[in-house]
DNA sequence: AATCAGTACTATGCAATACAAAGTACTGGA
DNA sequence: TCCAGTACTTTGTATTGCATAGTACTGATT
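Residue numbers (the numbering used here), protein chains in the order written: chain A, 1 to 113; chain B, 114 to 226.
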């Protein structure tokens, strides 16, 4: 068994590509800052780390799907609260559709064995 | 909207990571050579191209999850038929479980919006 | 006032993989 | 012999999750 093909790696590779969808989904309900988002994902058994999340949020913000505002915190430094733009909401609708098509396709194939 | 965040790219990124699972699933039913695999996936609305498939099959073979045999063809050059190893079957079971956990997590998050 | 722990954000290098593209090789038919 | 169709191999590129290193802010403690 080579280092490349092992369960952990494959699980990680499976996470690639879906985090945009997942993050946008979390923010569709409520504005949130990073620790909120991480906690929300963790509740759903999806572990995402800050080294992933920050660049992702920045990318989505730069792409026009998110906006943010600073908010003072009584528990530490200021927090950056992210929110979906209208464009972000539209994009999320398309992503949800894509996800559904993908899972149907995969389930169809994997159920055949 | 930057080049990085567009639907096509995101759809492609969503495919990353699941193709191992999908290919092993196809081969769990029957030995197959590449065009068979591509056709099977296409039937399920999953388009995969040869530049992706060949290196992937090689990787899985090198990792001990697949074996292959050559078979003469009356329609052209010989074909390389791949089959799951015992190890491949075990790995597939784990992948299926992982996929289910992932979809449950994602659906849970996306259904909340 | 200075220090520290906890909290929050930023940046970067690495590993892995889907894909486009280029190329090699085999077979039967023209 | 040449060609089209078929099958396989290789490689470079773009993208992204993660580990890691670092910066910055705040309130509490010394």
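Each residue gets a CB set at the ideal place from its N, CA and C atoms; glycine is no exception.
Fully enclosed beta strand (DSSP E) runs of no fewer than 3 residues occupy 179 to 184 of the region 160 to 185 of chain B, in order along the chain.
Residues of the same chain with a CB within less than 7 Å of the CB of residue 31 of chain A, apart from the 5 flanking positions on each side, are 81, 82 and 83 in chain order. Around the beta carbon of residue 215 of chain B, 16 or more other beta carbons sit within 10 angstroms, so the residue counts as buried. If the five residues before and after residue 202 of chain B are omitted, its C-beta is found closer than 8 Å to the C-beta atoms of 141, all from its own chain and listed in chain order. Among the CB atoms of chain A, one or more fall inside 8 Å of the CB of residue 158 of chain B. Listed by position along chain B, the residues whose Cβ is nearer than 8 Å to that of residue 20 of chain A are 118, 123 and 126. CA-CA distance, residue 23 of chain A to residue 186 of chain B, rounds to 49 Å. Annotation: the continuous alpha helix (DSSP H) that includes residue 152 of chain B extends over 147 to 156. Contacts with chain B at 8 Å (Cβ-Cβ) include residue 17 of chain A.
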